[in-house]
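Taking it in order: structure first as structure tokens, then the write-up.
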Ligand code: NYM
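Residue numbers (this note's numbering): 6 to 220.
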């Protein structure tokens with residue numbers, strides 16, 4: 006029956022503080038899945054190559070200062086502008102491995118602790134976006150992350166901010182959330198990551214419905 010109704014692709018999301026190993030793990034996962042014959046593609050947010058993405062990039066590099074609420078909405082709009090392409094890819098059977106998404110959006114802005122911009126406000130613009138089938142949260146203390154070659158020079162890359170981001174991430178944990186201890190060797194982390202992703206791919210092949218975020 007799978008020939009007549011080929012299942013959709015899975016949406017597997019990586020989240021975590023800066024320097025937790027998301028980029029390495031997401032790249033390795035895509036290679037692994039492709040090697041097993043899974044049609045898989047790596048996506049990342051922010052997507053800095055759209056018009057909105059270029060505005061986000063210039064904010065992150067410090068080239069421009071943007072109002073915190075406005076930049077939050079830009080990050081969200083950057084996901085909405087990719088929604089159709091994301092849905093089309095998933096429906097076509099492509100598995101998307103995504104490096105950051107709405108959980109980062111909510112966690113980073115809420116971590117600023119600004120009046121009015123609480124976690125609920127931060128989540129609101131992303132309500133209705135495609136929801137991931139699994140969230141792989143690479144758990145690492147900001148201290149351990151900082152030891153990994155240190156942070157770069159972009160906005161938010163400071164230990165104090167990262168500690169607050171980690172706190173917000175924990176408030177966002179839901180039934181899709183799988184915490185993986187990322188303070189281990191790349192191979193140990195990878196083994197667990199593969200298991201979670203392969204499970205999600207199998208569930209989606211069997212027809213698990215795609216949900217929407219925070220509805
Ligand atoms: N970030 C990322 C946000 O503040 N809001 C968002 O919605 C997303 C997706 O951008 N420090 C932050 C987290 C990172 C920064 O991400 C750039 P990356 O993965 O370093 O390119």
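All C-beta atoms, glycine included, are put in the ideal place defined by N, C-alpha and C.
Nothing here was measured: the structure is a model prediction, and the numbers come from that model.
Whether residue i touches residue j by CB criterion (9 Å)
i, j, result
"residue 91", "residue 174", "no"
"residue 111", "residue 65", "no"
"residue 45", "residue 138", "no"
"residue 159", "residue 26", "no"
"residue 118", "residue 165", "no"
"residue 215", "residue 131", "no"
"residue 34", "residue 140", "no"
"residue 203", "residue 38", "yes"
"residue 86", "residue 55", "yes"
Span separating the alpha-carbon of residue i from that of residue j
i, j, result
"residue 206", "residue 78", "31 Å"
"residue 197", "residue 191", "10 Å"
"residue 58", "residue 51", "6 Å"
"residue 63", "residue 75", "14 Å"
"residue 115", "residue 122", "6 Å"
"residue 103", "residue 120", "30 Å"
"residue 210", "residue 36", "19 Å"
"residue 189", "residue 195", "10 Å"
"residue 167", "residue 108", "14 Å"
"residue 60", "residue 157", "19 Å"
"residue 71", "residue 162", "17 Å"
"residue 182", "residue 142", "7 Å"
"residue 155", "residue 187", "16 Å"
"residue 208", "residue 152", "37 Å"
"residue 99", "residue 136", "15 Å"
Any non-hydrogen atom of ligand 1 within 8 Å of residue i CB
i, result
"residue 63", "no"
"residue 51", "yes"
"residue 105", "yes"
"residue 55", "no"
"residue 132", "no"
"residue 27", "yes"
"residue 80", "yes"
"residue 113", "yes"
"residue 125", "no"
"residue 162", "yes"
"residue 109", "yes"
"residue 70", "no"
heavy atom of ligand 2 below 8 Å from residue i C-beta
i, result
"residue 86", "Looking at this structure, you won't find ligand 2 anywhere; what it does contain is ligand 1."
Nearest-angstrom Cβ-Cβ length linking residue i and residue j, presumed shorter than 8 Å
i, j, result
"residue 150", "residue 49", "Not a contact, Cβ separation roughly 18 Å."
"residue 84", "residue 134", "6 Å"
"residue 21", "residue 144", "7 Å"
"residue 42", "residue 95", "With 8 Å as the limit, residue 42 and residue 95 do not qualify as a contact, their Cβ atoms being about 18 Å apart."
"residue 129", "residue 147", "That belief does not hold up - the Cβ atoms of residue 129 and residue 147 are roughly 27 Å apart, past 8 Å."
"residue 32", "residue 47", "6 Å"
Chain C contact for residue i (CB, 9 Å cutoff)
i, result
"residue 47", "Within the model displayed, chain C is absent; a lone protein chain is all it includes."
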